[in-house]
Amino acid sequence: MLKEIRIAGFGGQGVILSAHILGRAVSIHEGGFATMTQNYGPEARGGAASAALVISDQPVLFPYVSNPDILVVMSQEAFTRYTPELKEGGVLIVEEDLVRMENVPQHIKVYSIPATRFAEELGKKMVLNVVMVGFFCAITEAVSYDACRKAVIDSVPEKFQKLNLDAFENGYGFGKNLLAKGPSKEEDTEPVSVLESAS
Amino acid sequence: MMHADPNCVLTGTHFMNGDAACCEGAIAAGARFAAGYPITPSTEVVERFAARVPKIGGIFIQMEDELAASITLQGMVWAGAKSFTVTSGPGYSLMMEHIGFAAMTETPCVFVNVQRGGPSTGLPTLPAQGDMMQARFGSHGDYSTISLVPNSPQECFSLTVKAFNLAEKFRVPVMFMMDECVGHMTEKVVIPDAKEIEVTPRRHASKPPSEFLLFEPGEELVPEMAHAGEGYKVYVTGLTHDKRGYPLMNPASQKELIPRLFEKISRAADELTIVESEGLEDADVVVVSYGITSRVAQRAIEMARAKGLKVGKLRLICVWPFPEKLIRELAPKVKALVMPELNMGQVVIELERCAGGQCKVISVPHPGGTVHKPADILAAIERGAQ
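Note that the protein sequences, when read in sequence, are chains P and A.
Numbered according to the numbering used here, the first sequence spans residues 1152 to 1350.
Numbered according to the numbering used here, the second sequence spans residues 45 to 430.
Here is the structure:
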């Protein structure tokens, strides 16, 4: 089992921390292997942020991600730039209020969440990344709920733990509901738009 | 043998990058002083060090440039501290003068180089292994030293500890040759209990000041050390010196000093043959690699084995001194040695020399900026197996 993941958005959304939480969940709390890299180039300035994560049950040899199995986008730029790299049959996770989806490739599965709105309802816009982690966990099942939850706890300062756990639960619950009423995961021949489910 | 200070070691399981792990390794090894002129992609090492030392006791000084940093750290060593600096390509070039000074004055210290693409300013945020020959031969004059190359954040911790220990044991500047990929990559890092981390203490003067000579070769040809302010005569110069450390500039003095600087390393060749090997016994082709390249090479080796080829792995953890004896024994038994490097072919020159025409030696060069494609290494393995 080897999965390549990319998470991208703009600076300040906590893109890197969300990859950090998932990597920690796999490598520390699940006993698997995770390697995280991030873009440090000039493209990482001016607002763009991107992290890549390779998770596996074997030691990770090749550290970089060029064609992810799972792509999480939290900005229009990230959507435009990285969606063409997604593997056929891959999973695209979208911050639906921040991304207008155009030219979505065939043969991928799309799952959307208004993560920023969830975060704002909790009173802190900045926890949108943890909402996204919860959603990711529910949708992909690449990382277990327990491991993810533990990784959230040890990645944030103690006084923000409750807030972040609420954010995680909201994202996770939304994801599970979406899966329950949405089309089955095997049905990957059509792009699945779930935009209406959140409005 | 001593152990790490439990009050300073971050025992536990972490998800941290190689730069952070290198910093924790330095702290575990007892480093309490660093001087630096921060440069991408090494900045995080000293950034973390600067944040850590106020709590554990210690100093980080940001100097005006790399020349200053690389000599300040040596002043601190002669004052009694364990000390290091951190840099990348352009800064490493500027430090060469003082790396030679450390070799000549037998100053135990560690130079961390998080390698990036070069020459010149090159690719500040992307990896390369282009400074490997510079690590061995970069300073003027002739000297011998030790270079360790990690391939994971975990090793950035454990091998940094080893780098400090070897520096103390042999009294040499040890080159810790990371690269941007390993430095910025985040993985699980297990930091053991302090009592499980062995720390080599300084070879301190065992004689009273009246009988002590600062550069008299002691055990293993390495002199004992006295620090400034302890009542000993501490005269340290980059000039060729006698056993007292006083300048003595003639051929006889040079002949007594310089060959010893080589011999203290060469006589420990077995101890310094630090490699990770697998499947060498019946291999037709052995892939010899180091650092981040060894991980990509491993992928290529697995692909080749899936095709039925007999491929062995030899990862150099200590590149300098080069494991000459091992290669001389291996070369007649295989068809080919394949060496991928993130440079246009540096350490492969040494590999070729030691193979001595007994087998094919295939270089897989790469200008850096990313890592090899496993398929490129696989193609070289297939060529070697023919």
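Using N, Cα and C, we set each Cβ at its ideal position, and we do this for glycine too.
Just list the residues that DSSP pairs residue i with in beta bridges.
| i | result |
| --- | --- |
| A/Cys362 | A/Leu192 |
| A/Phe201 | Per DSSP, none; premise fails for A/Phe201. |
| A/Met46 | A/Val243 |
| A/Lys232 | A/Phe59 |
| P/Thr1186 | P/Val1205 |
| P/Ile1264 | P/Glu1246 |
| A/Met219 | A/Phe155 and A/Ser191 |
| A/Val331 | A/Lys357 and A/Val382 |
| P/Arg1157 | P/Ala1203 and P/Leu1222 |
| A/Ala78 | A/Phe104 and A/Phe128 |
| A/Leu167 | A/Gly161 |
| A/Pro267 | A/Pro261 |
| A/His248 | A/Met269 |
By a C-beta neighbour count over all protein chains shown, 10 Å radius and 16 as the cutoff for buried, is residue i buried or exposed?
| i | result |
| --- | --- |
| A/Leu283 | exposed |
| A/Thr151 | buried |
| A/Leu370 | buried |
| P/Asn1218 | exposed |
| A/Arg349 | exposed |
| P/Ser1263 | buried |
| A/Gln173 | buried |
| A/Pro418 | buried |
| A/Ser333 | buried |
| P/Ala1331 | exposed |
| A/Ile100 | exposed |
| P/Gly1182 | exposed |
| A/Ser164 | exposed |
| A/Ser114 | buried |
| A/Gly275 | exposed |
| A/Gly352 | exposed |
| A/Ala296 | exposed |
| A/Arg311 | exposed |
| A/Arg215 | buried |
| P/Glu1338 | With a pLDDT of only 43 at P/Glu1338, under 50, the local geometry of the prediction cannot be trusted, and the value read off the model is given with reservation. P/Glu1338 is exposed by the Cβ-count criterion. |
| A/Asn157 | buried |
| P/Leu1237 | buried |
| P/Pro1210 | exposed |
| P/Leu1153 | exposed |
| P/Lys1313 | exposed |
| A/Glu325 | exposed |
| A/Pro82 | buried |
| A/His248 | exposed |
| A/Met148 | buried |
| A/Thr57 | exposed |
| A/Thr281 | exposed |
What do you reckon, is the C-beta of residue i under 8 Å from a heavy atom of the ligand SAM?
| i | result |
| --- | --- |
| A/Gly273 | The model on display carries no ligand, and the ligand SAM is accordingly not part of it. |
Any contact of the stretch 248 to 261 of chain A with the stretch 211 to 231 of chain A, i.e. 3+ C-beta pairs under 8 Å? No: fewer than three Cβ pairs fall under 8 Å.
- Please list the residues of the stretch 222 to 242 of chain A that have a C-beta atom closer than 7 Å to any C-beta atom in chain P, keeping them in chain order. Listed by position along the chain: Cys225, His228, Met229, Thr230, Glu231 and Lys232.
Going along the chain, which unbroken runs of the alpha helix (DSSP H) with 4 or more residues stay wholly within the stretch 1197 to 1257 of chain P? Runs found: 1227 to 1233.
query: Could you give the uninterrupted runs of the beta strand (DSSP E) lying entirely in the stretch 269 to 322 of chain A, keeping only those of 3 residues or more?
result: Counting whole runs of 3 or more residues, the stretch 269 to 322 of chain A contains the beta strand (DSSP E) stretches 319 to 322.
Listed in chain order, which residues of the stretch 50 to 64 of chain A have Cβ atoms closer than 7 Å to some Cβ of chain P?
-> From the stretch 50 to 64 of chain A, only Thr57 and Phe59 have a Cβ closer than 7 Å to chain P.
Quiz item: For the stretch 1199 to 1224 of chain P, which residues have a beta carbon sitting closer than 8 Å to at least one beta carbon of chain A?
Solution: Legend: CB atoms of the stretch 1199 to 1224 of chain P lying less than 8 Å from CB atoms of chain A belong to residues Val1211, Leu1212, Phe1213, Pro1214 and Tyr1215.
Where in the stretch 358 to 413 of chain A do unbroken runs of the alpha helix (DSSP H), each at least 4 residues long, occur, reported from the N-terminal end onward? Counting only runs of 4 or more, we get 368 to 374 and 391 to 399.
Which residues of the stretch 78 to 107 of chain A have a Cβ closer than 8 Å to any Cβ of chain P? Give them in chain order. Per Cβ criterion, the list reads Thr84 and Pro85.
Where the stretch 331 to 343 of chain A meets chain P: residues whose CB sits under 8 Å from a CB there: Hits within the stretch, in order: Ile336, Arg339, Val340, Gln342 and Arg343.
Notebook entry, point to check: Three or more C-beta pairs closer than 8 Å, one from the stretch 52 to 59 of chain A and one from the stretch 182 to 193 of chain A: is that the case here?
Noted result: No: fewer than three Cβ pairs fall under 8 Å.
Note to self: As an exercise, report each continuous alpha helix (DSSP H) stretch of at least 4 residues that is fully enclosed by the stretch 85 to 153 of chain A, in chain order.
What the structure shows: The DSSP assignment places 87 to 100, 110 to 122 and 133 to 148 as complete runs of the alpha helix (DSSP H) inside the stretch 85 to 153 of chain A, in order along the chain (cut-off: 4 residues).
**Prompt:** So, do the stretch 355 to 370 of chain A and the stretch 317 to 326 of chain A have three or more beta carbon pairs nearer to each other than 8 Å?
**Reply:** With a cut-off of 8 Å, the stretch 317 to 326 of chain A and the stretch 355 to 370 of chain A count as touching, because enough Cβ pairs lie within range.
Interfacial residues, the stretch 1155 to 1184 of chain P to chain A, with Cβ spacing under 8 Å:
Taken in chain order, the members of the stretch 1155 to 1184 of chain P whose beta-carbon sits within less than 8 Å of a beta-carbon on chain A are His1171, Gly1174, Arg1175, Ser1178, Ile1179 and Phe1184.
Counting pairs of beta carbons, one from the stretch 1200 to 1209 of chain P and one from the stretch 1181 to 1190 of chain P, are three or more of them closer than 8 Å?
Touching, yes.
Does the stretch 235 to 250 of chain A come close enough to the stretch 94 to 110 of chain A that 3 or more CB-CB pairs lie under 8 Å?
-> No contact exists between the stretch 94 to 110 of chain A and the stretch 235 to 250 of chain A.
Which of the residues in the stretch 395 to 427 of chain A, read from start to end, lie with their CB under 8 Å from any CB of chain P?
Of all residues in the stretch 395 to 427 of chain A, the ones placed with a Cβ closer than 8 Å to any Cβ belonging to chain P are Thr414, Val415 and Pro418, in chain order.
(Q) If contact is defined by three or more beta carbon pairs under 8 Å, each pair taking one atom from either stretch, is the stretch 1284 to 1292 of chain P in contact with the stretch 1313 to 1326 of chain P? (A) Short answer: they touch.
Given 8 Å, three or more beta-carbon pairs between the stretch 330 to 346 of chain A and the stretch 399 to 417 of chain A
Yes, they touch.
| said: Three or more C-beta pairs under 8 Å: does that hold for the stretch 126 to 142 of chain A against the stretch 387 to 398 of chain A? | reply: Cβ pair count under 8 Å is below three, so no.
How do the stretch 369 to 386 of chain A and the stretch 202 to 210 of chain A stand: do at least 3 beta-carbon pairs fall below 8 Å, yes or no?
Using a Cβ-Cβ distance cut-off of 8 Å, the stretch 369 to 386 of chain A and the stretch 202 to 210 of chain A are not in contact, since fewer than three pairs of beta carbons, one from each stretch, lie closer than that value.
What residues in the stretch 1277 to 1289 of chain P have a beta carbon less than 9 Å from any beta carbon of chain A? If the cut-off is 9 Å between Cβ atoms, the stretch 1277 to 1289 of chain P has nothing near chain A.
Give a yes or no on contact between the stretch 1249 to 1261 of chain P and the stretch 1296 to 1308 of chain P, applying the rule of three or more CB pairs nearer than 8 Å.
Under the three-pair Cβ rule at 8 Å, the stretch 1249 to 1261 of chain P does not count as touching the stretch 1296 to 1308 of chain P.
Item to complete: Could you tell me whether the stretch 1274 to 1282 of chain P touches the stretch 1164 to 1182 of chain P, where touching means 3 or more Cβ pairs closer than 8 Å?
Response: The stretch 1274 to 1282 of chain P is in contact with the stretch 1164 to 1182 of chain P.
For this session: Report yes or no: do three or more beta-carbon pairs, one from the stretch 1234 to 1250 of chain P and one from the stretch 1208 to 1223 of chain P, lie closer than 8 Å?
Result: Taking 8 Å as the limit for Cβ pairs, the verdict is that the stretch 1208 to 1223 of chain P does touch the stretch 1234 to 1250 of chain P.
- [ ] With a floor of 4 residues, list each alpha helix (DSSP H) that falls wholly inside the stretch 1268 to 1301 of chain P, ordered by position along the chain.
- [x] If we require 4 residues or more, the alpha helix (DSSP H) runs fully inside the stretch 1268 to 1301 of chain P come out as 1279 to 1291.
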